[in-house]
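Counting from 1 along the sequence shown, just add 35 to a position and that's the residue number in our numbering. This report concerns only the one structure given below.
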Amino acid sequence: MIPTSLVIQNFMCYRGGDDSADLRLSLDGVHVVCLSGENGAGKSALLDAITWALWGEARTPDDDLIAQGESEMRVELTFQLGDQLYRVTRRRQRGSSSGKRGGTSSGKTFLDLQVQNGAGWKPIAEATVRETQGRIADLLRMSYTTFINASFLLQGRADEFTARTPAERKQVLAEILDLGEYQVLEAKARERARDLDGQLKGLRGKIEQLEQSADKLGAWATLVREAEDLAARTDTQVAEAEQAQASAAARLRGLEQQAEQRKALLRDLDVLRKEQREHNQELATLHARIAAAAELVARREEITCGVAELEAARKELERLEEQRAQHQA
């Protein structure tokens with residue numbers, strides 16, 4: 036973690052000027068920094084500002100870090116971690132007095148975390164201060180305790196590490212050496228080993244099944260050949276059945292055509308029979324007329340005499356009519 040800039044507002048002895056301007060320190064490109072000045076000038080306060088921004092920890096309680104007479108402080112630290120640039124902003128509002136009994140309300144802390152994204156900044160803070168602090172700790176992979184024992188010696192507390200218990204010193208060294216990461220890797224390796232062991236057992240079971248199946252391979256091959264022979268015979272039978280079906284269909288079509296022809300012949304036969312009946316009736320009528328004509332021919336002399344007598348009677352009638360007419364006149 037390499038600090039690149041620090042912005043301080045109302046933190047300990049640092050406060051905005053008459054124009055409320057914040058203290059801004061640019062550390063970009065600076066490899067070695069020496070802080071010099073009289074006692075109480077604020078040298079340690081700058082380092083406290085860094086630890087308070089990152090971990091919310093300093094030599095004194097939070098509200099005591101707020102400049103006297105001010106109600107809020109803010110520290111903004113930009114640092115480089117690997118190839119990425121991050122910005123942490125921590126604000127603290129002083130607890131206020133309330134009620135007639137002089138009670139006070141606890142102050143409130145705000146924490147924001149951003150990562151540089153191109154020309155701007157992308158918020159990556161969590162929903163709560165605790166969760167965001169956890170994310171910062173994951174990024175730094177170092178606690179406040181480890182920092183003040185390994186990278187930063189607090190004023191008047193140079194024996195911070197040696198004064199700790201063996202267990203605490205072991206914990207600090209573990210964080211310095213990043214042994215926690217090895218523990219995580221060890222846990223992952225064990226979990227991976229368990230997964231692989233389970234997969235190995237599963238593969239062994241499958242191998243046993245395959246070996247059992249291999250013993251049955253000869254019988255299965257015989258069954259396959261028999262099935263193939265049966266399939267070939269079935270295909271032949273199907274082809275023959277299809278051919279028979281085609282022949283039957285052709286024969287059926289022929290019979291259907293013959294049936295249609297028979298129906299047509301029957302219809303024609305009915306027409307012919309009707310015409311025959313009509314011709315027979317006409318023939319009977321002609322025979323009757325011929326018989327009547329023959330009878331008339333046989334009686335021709337009688338008819339001729341009758342006609343002559345009828346003509347003579349008609350003339351006699353006409354003569355008598357004339358005479359009657361004359362007598363009446």
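Every residue gets a Cβ at the ideal spot worked out from N, C-alpha and C, and that includes glycine.
According to DSSP, what are the bridge partners of residue i?
| i | result |
| --- | --- |
| arginine 59 | Val42 |
| glutamine 115 | Ile37, Leu120 |
| threonine 144 | Arg127 |
| glutamine 149 | Arg122, Pro158 |
The alpha helix (DSSP H) spanning residue i covers which residue range?
| i | result |
| --- | --- |
| asparagine 315 | 252-333 |
| valine 164 | 164-175 |
| serine 178 | Segment: none, serine 178 is in no alpha helix (DSSP H) and carries neither H nor E. |
| threonine 86 | 78-90 |
| leucine 70 | Taken as a continuous stretch (DSSP letters only), leucine 70 belongs to no alpha helix (DSSP H), as it is neither H nor E. |
Suppose you measure from the CA of residue i to the CA of residue j; what does that come to, to the nearest Å?
| i | j | result |
| --- | --- | --- |
| glutamate 344 | arginine 302 | 59 Å |
| glutamine 119 | serine 248 | 57 Å |
| glutamate 337 | glutamate 330 | 11 Å |
| valine 306 | glutamine 293 | 20 Å |
| threonine 39 | leucine 60 | 8 Å |
| glutamate 107 | proline 96 | 14 Å |
| aspartate 270 | glycine 253 | 25 Å |
| glutamate 317 | glutamate 310 | 10 Å |
| alanine 162 | serine 141 | 20 Å |
| tryptophan 255 | alanine 266 | 16 Å |
| glutamine 358 | arginine 349 | 14 Å |
| lysine 143 | serine 131 | 10 Å |
| leucine 290 | alanine 276 | 20 Å |
| asparagine 71 | lysine 78 | Residue 71 is actually serine in this sequence, not asparagine. C-alpha separation (whole angstroms): 7 Å. |
| threonine 200 | leucine 231 | 41 Å |
| leucine 352 | glutamate 346 | 10 Å |
| leucine 287 | arginine 308 | 31 Å |
| leucine 89 | alanine 172 | 8 Å |
| arginine 129 | leucine 112 | 21 Å |
| valine 65 | valine 150 | 21 Å |
| glycine 155 | valine 68 | 28 Å |
| arginine 297 | aspartate 264 | 49 Å |
| lysine 236 | threonine 181 | 44 Å |
| glutamine 244 | valine 273 | 38 Å |
Which first and last residues belong to the beta strand (DSSP E) in which residue i is found?
| i | result |
| --- | --- |
| glutamine 128 | 119-128 |
Quick check on residue i: does DSSP put it in helix, strand or coil?
| i | result |
| --- | --- |
| glutamate 346 | helix |
| leucine 235 | helix |
| isoleucine 242 | helix |
| glycine 155 | strand |
| arginine 109 | strand |
| glutamine 103 | coil |
| lysine 223 | helix |
Taking a contact to mean a Cβ-Cβ separation below 8 Å, would you say residue i touches residue j in this structure?
| i | j | result |
| --- | --- | --- |
| alanine 84 | leucine 41 | yes |
| isoleucine 43 | valine 123 | no |
| leucine 116 | methionine 177 | no |
| arginine 126 | isoleucine 101 | no |
| alanine 80 | threonine 86 | no |
| leucine 148 | arginine 165 | no |
| glutamine 168 | glycine 75 | no |
| asparagine 45 | glutamate 105 | yes |
| leucine 58 | tyrosine 49 | yes |
| leucine 82 | tyrosine 121 | no |
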